[in-house]
Each structure stands twice: as C-alpha cells, then as structure tokens.
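Right, one structure below, let's go through it.
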Amino acid sequence: MSKVIIQTDLCKGCGLCIEACPKKIIGIAKHAINAKGHHPAVVLDEELCISCAFCATMCPDCVISVQK
Amino acid sequence: MKTVFEKPKSLSNVPLHYCPGCTHGIVHRLVAEAVDELGIEGKTIGVAPVGCAVLIYEYYNFDMAQAAHGRAPAVATGIKRADPNNIVFTYQGDGDLASIGMAETVHAAARGENITIIFINNTIYGMTGGQMAPTSLPGQVTQTSPYGRNPSLCGYPIKVCEMLATLDGPEYLERVSVHNVKFVRSAKKAIKKAFENQVNNKGFSLIEVLSTCTTNWGLAPTAALKWLEEKMLPYYPVGVYKDRSKVQ
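What follows is the structure in structure tokens.
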C-alpha cells in the first residue's frame with residue numbers, strides 16, 4: 004500500500020506540497036488533467052518517502068493522507 | 002500501516018472553492034484539528050464572515066451561522082450568551098474584521114467576551130477583487146492603489162494584535178503565519194490554545210493568521226508564500242501579544 008495518497012480529482016495543482024517535500028519526490032503530472040481542469044500532484048518515487056507528512060501539512064485542500 | 006496524517010473528522014467532504022494555493026484551506030484544517038482534539042465537535046458553533054470564507058459553513062460538520070459584513074463577533078456574542086455551554090468561534094478576513102467590523106471586534110475584545118476569533122490577514126480584499134485593505138502594506142500595489150499604498154494619502158496599516166493588546170479585556174492574542182511547515186505547526190498550537198481558553202471560560206482569544214492571496218497579489222502559490230515571508234513578516238511580527246495566563 005502506498006504511503007502518500009493524493010486525491011487527484013480534488014487536487015488544484017498549486018504545488019505547495021512540492022515545495023514542502025524534504026525529499027523532493029512530488030511533482031506535477033503534466034500530462035494528466037483532472038475534472039477540475041488542473042494538473043494534479045503525483046508522488047514520483049515512493050521508495051524515498053519518509054512519511055514526514057510535510058506535504059499534507061501544507062496542502063490547502065486537504066487532499067493528501069499519509070501512512071507509515 | 003499506521004496513519005500519520007488524514008483529514009480531520011470535523012472537516013466535511015465538500016471540495017473547497019478557494020483559488021489554488023490559498024492558505025484559507027490550511028487554516029480551515031487547523032481549526033477542524035483543534036476542535037477534534039478537544040472533543041468539542043458536538044457543541045461548537047462557528048460564525049462565517051463576509052469575504053472569501055463566506056461559504057465556510059459548507060466545510061465543517063458542526064453548526065455554523067453567517068453574519069452580516071463585519072458583525073461576526075456581535076453574532077458570536079449572542080450565540081455564546083444564549084447558551085454559554087456552546088463553544089463559539091468566528092472566522093474573519095481583514096476586510097471583514099479590521100475594516101467594517103472594527104467596532105464589533107474592539108468592543109467584543111474590550112468586554113472580554115468568551116469567544117474565539119480566527120482572523121485571516123492577507124493584506125487585501127480577496128473576494129471583491131483585490132482592493133486596498135486597512136492591513137495593506139505601505140507601497141503595496143492593489144486595484145485601488147495602482148501606484149502602491151501611499152501612507153500620507155491612505156494612512157498606515159492597522160496592526161490588530163498590537164492594538165487589542167492595549168485593552169484589558171482580551172485573554173489571549175497571538176499572531177501566527179502559515180507560510181511553511183514550522184509556522185503551520187505553531188499556528189496549530191495557537192489555535193488550539195485559543196479554543197482551550199474558551200473551554201476553560203478564560204475569555205476573549207484572537208489568533209491573527211498571516212495568509213496569502215495568490216490571485217489578487219498576482220503571484221504563483223509558492224511565490225506568494227515567499228512574498229508573505231519577505232514582506233509581511235517584517236511588518237507584522239509573529240508572536241504572543243497578550244496572554245493573561247502568563248502574567249502573575
């Protein structure tokens with residue numbers, strides 16, 4: 004099971020999680036568009052995730068949940 | 002697997018209408034987390050302002066009322082006095098609290114009304130399209146100050162926490178920010194303490210949260226957080242401005 008679950012259909016692609024991630028493993032899915040018309044955030048390399056939840060702490064839309 | 006972070010239970014499943022990167026969402030979540038942790042969801046009543054956060058009543062699972070522009074502290078006073086067992090908070094922006102609602106705010110503070118106010122300061126009128134607010138910084142470009150705010154013409158910004166700290170009524174006044182993880186965590190502590198004060202019948206608490214307005218500042222979400230840190234923090238220093246529990 005993945006550590007970081009992003010509800011991509013509600014993500015607005017603001018990128019605050021990308022800025023907050025200490026491992027820099029979150030990016031914008033440039034080739035995907037959700038129902039709201041945004042490019043959502045995706046986790047690029049889950050192996051490196053340390054479950055610090057910094058991304059979820061900064062997410063203004065509360066679409067990220069984190070597991071360890 | 003253990004859950005490290007999930008959506009607080011008090012927050013409803015309605016998607017937020019705010020612009021991408023708007024820190025309103027972070028503060029909404031912090032309020033919901035504080036309510037959840039104190040276990041007061043069943044008796045909490047919020048008062049919505051006029052402004053971007055006018056639809057806040059959609060986003061919580063507890064009861065909400067909606068006040069006329071700036072009158073949220075007066076409405077909250079009524080709700081609290083009608084049944085003091087309720088935990089009553091208002092959530093207001095700077096156009097609502099520091100401009101049209103200044104009288105209600107100051108008098109609620111002076112009376113030491115046992116309510117909690119969450120005050121979002123983003124130095125601009127957001128919903129109405131980016132006009133100059135009482136909190137706009139000197140030199141800040143807005144729709145109604147296209148050459149920058151000129152203090153000799155428009156006066157100086159109002160520092161709400163400093164001003165209310167001169168009154169004897171308030172119990173707890175703190176200014177916090179949400180521009181990075183560290184500041185979000187201290188904002189969470191401040192908001193929780195403000196609710197705790199009310200649970201313990203201590204009196205008026207106001208938390209001023211420095212916030213962003215990406216659309217009306219004309220900046221990308223991450224650039225807006227940087228602008229907050231570089232421009233707003235020096236003018237609006239974070240910290241505790243009044244805490245009666247610390248004074249002997």
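Residue numbers (the numbering used here), protein chains in the order written: chain A, 4 to 71; chain B, 2 to 249. Backbone N, C-alpha and C define an ideal beta-carbon position, used for all residues, glycine too.
A straight-line Cα-Cα distance of about 31 Å links G102(B) and K10(B). Counting only runs of 3 or more residues that sit fully inside the region 128 to 189 of chain B, the beta strand (DSSP E) segments are 173 to 178, in chain order. Among the CB atoms of chain B, one or more fall inside 8 Å of the CB of L13(A). Within a 10 Å sphere around the beta-carbon of Q141(B) sit 16 or more other beta-carbons, which makes this residue buried. When DSSP states are grouped into helix, strand and coil, V28(B) belongs to the helix group. Residue contact with chain B for A44(A): absent (no Cβ-Cβ distance below 8 Å to any residue of chain B).
According to DSSP, V51(B) shares a beta bridge with no other residue. In chain order, L39, I41 and I88 place their CB closer than 7 Å to the CB of V200(B), counting only its own chain and leaving out the 5 sequence neighbours on each side.
Residues of chain A whose Cβ lies closer than 8 Å to the Cβ of V185(B) are, in chain order, T60 and M61. A check of alpha carbon separations from S206(B) across S212(B), E114(B) and Y236(B) identifies E114(B) as the nearest. Around the beta carbon of N122(B), 16 or more other beta carbons sit within 10 angstroms, so the residue counts as buried. Scanning chain B for C-beta atoms nearer than 8 Å to the C-beta of L19(A) yields G22, P222, T223 and L226, reported in chain order. Less than 8 Å divides the Cβ of C53(B) from the Cβ of M128(B). For the 8 Å CB-CB criterion, Y173(B) and K194(B) form a contact. When Cβ-Cβ separations below 8 Å define contact, H18(B) makes no contact with chain A. The DSSP assignment places 64 to 67 as complete runs of the beta strand (DSSP E) inside the region 51 to 75 of chain B, in order along the chain (cut-off: 3 residues). S178(B) places its beta carbon less than 8 Å from that of L234(B). Going by DSSP, I119(B) is part of no alpha helix (DSSP H) but of the beta strand (DSSP E) stretching over T117 to N122. Judged by DSSP secondary structure, A111(B) falls within the alpha helix (DSSP H) whose first and last residues are M103 to A111.
In this structure, the beta-carbon distance from K189(B) to E59(B) does not fall below 8 Å. For the region 192 to 216 of chain B, there are no residues whose beta carbon sits under 7 Å from a beta carbon of chain A. Residue-level contact check: T4(B) touches chain A, since one or more beta carbons of chain A fall below 8 Å from its beta carbon.
For I53(A), the secondary structure class from DSSP, reduced to helix, strand or coil, is coil. Around the Cβ of S137(B), a 10 Å sphere holds 16 or more other Cβ atoms; the residue is buried. With a beta-carbon spacing of about 5 Å, I80(B) and I46(B) fall inside the 8 Å limit used to define contacts.
Counting along the chain, the unbroken beta strand (DSSP E) around A44(A) starts and ends at A44 to V46. By the criterion of a C-beta distance shorter than 8 Å, G149(B) is surrounded in its chain by P139, G140, Q141 and V142, once the five residues flanking it on both sides are discounted.
F63(B) and N151(B) have their C-alpha atoms spaced approximately 43 Å apart.
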